[in-house]
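Residue numbers (the numbering used here): 43 to 240.
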């Protein structure tokens, strides 16, 4: 799974229609070049490949600029990527980062349910690592590796519990709720700075 694909689909979805410069500026303003290794080249490559795969439509209404729009298949792919990134812990932080950036696209109850799946997987990984620490005899220094995995899993589980609690308490407007940026095309109503055409 690619965090870049999820992010690009999500931004195009959020605006309803967006050109590559707008997609890139949003991602870079979120620091995605650092936490998801998103670069201008990977953004334009994702736009082209997503269009070729039928997830995006391209429009050349404005000379020297291509706007992109999500197709029905693109909406399904976006939701599939979002749900998978939220429910499954991955060793790399870029996928959960992408999922968090697009979190309001999900209804509150579904987001909480997916996070509970994530929490169960993290607790299972923590318990497995703990058993490996306790059971390892030789070489003893490898215990540090399993200890690191145990601590990482527990820390991620603690954060996930906190996010579940915040969502249960009503934090963040989610899809279907007033003021949510989670519906297709809803970003036009938000206060994002205007970007010059490329």
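Even glycine gets a Cβ: it sits at the ideal position worked out from N, Cα and C.
The structure displayed is predicted, hence computed values, not measured ones.
{"Check": "For residue 111, write down the residues that DSSP places opposite it in a beta bridge.", "Outcome": "99"}
{"Check": "Are at least three pairs of beta-carbons, each pair with one atom in the segment 83 to 100 and one in the segment 113 to 129, less than 8 Å apart?", "Outcome": "yes"}
{"Check": "Reducing DSSP to helix, strand and coil, say where residue 45 ends up.", "Outcome": "helix"}
{"Check": "Anyone know if the C-beta pair for residue 70 and residue 150 falls short of 7 Å?", "Outcome": "no"}
{"Check": "Using only the alpha-carbon positions, how far apart do residue 220 and residue 228 sit?", "Outcome": "11 Å"}
{"Check": "Out of 52, 186, 125, 148, which has the shortest C-alpha to C-alpha gap to residue 159?", "Outcome": "125"}
{"Check": "Classify residue 155 as helix, strand or coil using the three-state DSSP reduction.", "Outcome": "helix"}
{"Check": "Provide the residue span of the alpha helix (DSSP H) that contains residue 203, from first to last.", "Outcome": "185 to 210"}
{"Check": "Note down the Cα distance separating residue 237 from residue 56, rounded to an integer number of angstroms.", "Outcome": "Because residue 237 carries a pLDDT of 42, less than 50, the predicted location of this residue cannot be relied on, and the following value inherits that uncertainty. Those two C-alpha atoms are separated by around 15 Å."}
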